[in-house]
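Numbered according to this note's numbering, the sequence shown spans residues 225 to 806. Glycine included, every Cβ here is placed at the ideal spot set by N, Cα and C. These figures come from a predicted structure and were not determined experimentally. Report on one structure; see the data block that follows.
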Amino acid sequence: MYDVVIAGRGYMVRAGTYERRQSAPDPAQTGRVRLFDFYGGGGRAAQLERDRFWRGVGAWPALDSQGVQAGPRRQDRTESVTPAFDPERPSFSFVHGGTTYVANGTGLYRVTSAGGAYDGLALVQALAAPCTGLAVSRGFVGFVHGPGERPTIYDLATGTYTASAAEPATIVAPGRGALLIDQPTGGEPELCAWEPWLDALAGTPVSLDQEIVAVAPFNGEVWIVTRGAIWRAVATEVGVDADVVTTAPQAGFADDFAWMIGHNGALYAWLGKEVHRYDPGDKVFAPLGLRGRATYGACGLGRWLIVAVEDEHGDGTDLWAWDGRGWWLLDEGPAFRYPVAIAGPAEDADVLAGRSGNVNQTAVWQLVPRAGRPGLRDTVTLVTPLLDAGARDVEKVWRLVGVELAWPDERATSSPVTVTLEASVDGGLSWTAVATSTIHGDEKRTHVVVGTLPPSARSRWLQVRVTLSDVTDWCPVIAGVWAEHSTVDPESRRRRWSFAVQCKDQVVRRDGSVEQADARDLARTLWAAWEAGGVVTFRDIDYDRTGVEYTVRIAAIREEVPKPHDAGRWGDGTVALTLVEV
225 MYDVVIAGRG
235 YMVRAGTYER
245 RQSAPDPAQT
255 GRVRLFDFYG
265 GGGRAAQLER
275 DRFWRGVGAW
285 PALDSQGVQA
295 GPRRQDRTES
305 VTPAFDPERP
315 SFSFVHGGTT
325 YVANGTGLYR
335 VTSAGGAYDG
345 LALVQALAAP
355 CTGLAVSRGF
365 VGFVHGPGER
375 PTIYDLATGT
385 YTASAAEPAT
395 IVAPGRGALL
405 IDQPTGGEPE
415 LCAWEPWLDA
425 LAGTPVSLDQ
435 EIVAVAPFNG
445 EVWIVTRGAI
455 WRAVATEVGV
465 DADVVTTAPQ
475 AGFADDFAWM
485 IGHNGALYAW
495 LGKEVHRYDP
505 GDKVFAPLGL
515 RGRATYGACG
525 LGRWLIVAVE
535 DEHGDGTDLW
545 AWDGRGWWLL
555 DEGPAFRYPV
565 AIAGPAEDAD
575 VLAGRSGNVN
585 QTAVWQLVPR
595 AGRPGLRDTV
605 TLVTPLLDAG
615 ARDVEKVWRL
625 VGVELAWPDE
635 RATSSPVTVT
645 LEASVDGGLS
655 WTAVATSTIH
665 GDEKRTHVVV
675 GTLPPSARSR
685 WLQVRVTLSD
695 VTDWCPVIAG
705 VWAEHSTVDP
715 ESRRRRWSFA
725 VQCKDQVVRR
735 DGSVEQADAR
745 DLARTLWAAW
755 EAGGVVTFRD
765 IDYDRTGVEY
775 TVRIAAIREE
785 VPKPHDAGRW
795 GDGTVALTLV
805 EV
């Protein structure tokens, strides 16, 4: 047995020369990483800039996106209408004469309220077949019901519902003095101007190139996507005016163009399992960063585009809201479907969607506050991206985390709000609670919650989770999240050994046996390892107990021969080594 083994060869250490220590002193560099100014919303997995977080259910922009607060409150409702509301079918909404209508499945409903609060849907008209699209003109609603089904017409003034004499149609859209409807001829799609108040087709139809896959009103026209082209069309009392804008993007998934919607000067569509925005200037569909396994509709309301998406990695459905800057997670649940705007009749309900997959099950959200109705969800959670302090490859000891809260306006009341601060060093797999605090907004307008992390909080990454709970009539604004760390210098975490090995003839080993290799052979092996680059395997003096083998480099080597004139006949020397762990 030997004291140490270097590059597979054993050596005996000269007494009094062995030393093991860290390679270099730890400089203990302390720093802070900060997340503030939340412009851009959620979806940033690893920190790249200051203005995006990872995920936050109900985290909503505040103070012009300089902070985050509790988002819209959801009410789960059970409707009592027949025909029943079917959450698995698309819904369509429109406003006429101060009344907000919703069409779903085989029912046309109106939104009701009592004392300003949402009071459910009320049946207006049972439809002949499930509605797949509608458009309104001159007080008449034109419905289409899918392939093989004739359009139907509802007179909003008289309540008269009739079947149309037009051929079966799949699309209907608003026009200028008439509705745009497709009337296939010989299997090829044809666009016609339809006057539902007369149930008549006006003017000359326009033939399209291929099958229609999507249609949306946009910029005062109707934009149509076929398998081959993007068209722009207008229906008037004298016919249809249509022209090709550009070639249609290649569609390869079954749900490509499951929806297309014009919203705030842009055209949005589901394409390639993600949301795209179409720019009429450069005629390109550009992805917006929201992806999913499936989609269940979209709607626009004010500045918000709301999209229902099945999560890429789970079974739930997320409702995401786009404000032109970034994506905000409005809500998540097992089966939110086909959101529509219903703002108007009820002060506490602006958006409606189907839920749970069971008939007559809906949910409504209040997107904006009203007097006496703040419309805030009771709990909101914000999770930071993976924070790395700009050095993803360097280990850090995380010391403190904190959240800065501020509300410089008049929003606060005396109602208490609880703030909970948690941290994770394993990518969100597990969380450690580090601090909690209760805020009374009428006592001050700023607040900070700071938590100390346990000594074991050491990793390359850190995530912080902030939860605001017990929210009722006001919510403090998360204005910043930070974490304090000490960077672990890689050099200070390496071991360094200094010792001299005996390079002489007939060295006595630990077990009393005699080394057969002569002095020159022992020394030559060490010099050869140094010349080859110096990276070797190393077994320390305690290898028989630890079983650990290190990879080291020979940082320094020095040979001493006390009697050079005798070296040729009798070897007696030492080689001093400095080894550094790599």
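My understanding is that residue i touches residue j, with C-beta atoms under 8 Å, so please give their C-beta distance in whole angstroms.
i	j	result
P558	T586	About 14 Å; that fails the 8 Å criterion.
D820	W528	Because the chain in this structure spans residues 225 to 806, residue 820 falls outside the shown range and cannot be described.
A707	L686	5 Å
V469	W483	V469 to W483, Cβ: 19 Å. No contact.
G266	R276	7 Å
Y242	I778	Contact flag wrong, Cβ pair sits at about 16 Å.
D300	R579	7 Å
I530	A545	5 Å
Here's a check: name, in chain order, each residue in its chain whose Cβ is nearer than 8 Å to the Cβ of residue i, leaving out the five neighbours to either side.
i	result
I781	L750, W751, W754, V799, A800, L801 and T802
V319	Y325 and G568
G282	A294, G295, P296, L553, L554, D555, R601, T603, V604 and T605
E312	R561, G578 and G581
A381	G363
T471	G452, A453 and I454
E836	Outside the modelled stretch of the chain, which goes from 225 to 806, sits residue 836, for which no answer is possible.
L611	V257, L259, Q271, W685, L686, Q687, V688 and A707
L491	A440, F442, W447, M484, I485, R501, Y502 and P504
Quick one, are the C-beta atoms of residue i and residue j less than 8 Å apart?
i	j	result
W589	L554	yes
R233	R720	no
A532	L514	no
G521	P314	yes
T386	G370	no
A457	E445	yes
A327	S361	no
V867	V776	Since the first and last residues shown for the chain are 225 and 806, residue 867 lies out of range.
M236	V725	yes
D617	R717	no
V185	V368	Because the chain in this structure spans residues 225 to 806, residue 185 falls outside the shown range and cannot be described.
A747	E783	yes
D574	V641	no
T637	D697	yes
S661	V690	no
L677	L624	yes
V508	F481	no
V673	G280	no
V564	C523	yes
Y226	R769	no
G366	R549	no
Using a Cβ-Cβ cutoff of less than 7 Å, which residues in the same chain neighbour residue i once the five nearest sequence positions on both sides are dropped?
i	result
T330	P307, A350, L351, A353 and P354
Q730	V738 and E739
A743	C727, K728, D729, G795, D796 and G797
D433	T450, G452 and A453
E373	A353 and P392
R594	E571
R763	V228, V229 and E773
V804	S247, R718, R720, V776, R777 and A779
Going along the chain, which residues of its own chain have a beta-carbon closer than 6 Å to the beta-carbon of residue i, five neighbours each way excluded?
i	result
L345	E303, V305 and Y333
P398	A359 and P441
T254	S710
A681	W622 and V649
P408	none
I663	V641, H671 and P700
Spell out the partners DSSP gives residue i in its beta bridges.
i	result
V674	G626
R233	I230
E243	S722
S661	V643
R298	W589
Q290	Bridge partners of Q290: none, in fact.
Q349	L332
W552	A545
K620	S683 and T711
M484	A493
K507	BP columns for K507 are empty, so no partner.
W528	L525
L537	One point to set straight first is that residue 537 is His, not Leu, in the sequence displayed. DSSP output for H537 lists no bridge partner at all.
L610	A270
I'd like to know whether the C-beta of residue i is nearer than 8 Å to at least one C-beta of chain B.
i	result
R635	The question asks about chain B, but that chain is absent: this structure has only one protein chain.
Next item on the list: Say whether the stretch 466-479 touches the stretch 417-426, bearing in mind that this needs 3 or more beta-carbon pairs closer than 8 Å, one atom from each stretch.
Entry: no
Check: Does the stretch 385-399 come close enough to the stretch 423-442 to have 3 or more Cβ pairs within less than 8 Å?
Finding: yes
Note to self: Taking 8 Å as the cut-off, does the stretch 626-637 touch the stretch 693-713 (at least 3 CB pairs, one atom from each stretch)?
What the structure shows: yes
Margin query: Within 8 Å, do at least three Cβ pairs link the stretch 426-435 to the stretch 457-466?
Written below: A contact is defined here as three or more CB-CB pairs under 8 Å, and the stretch 457-466 meets this definition with respect to the stretch 426-435.
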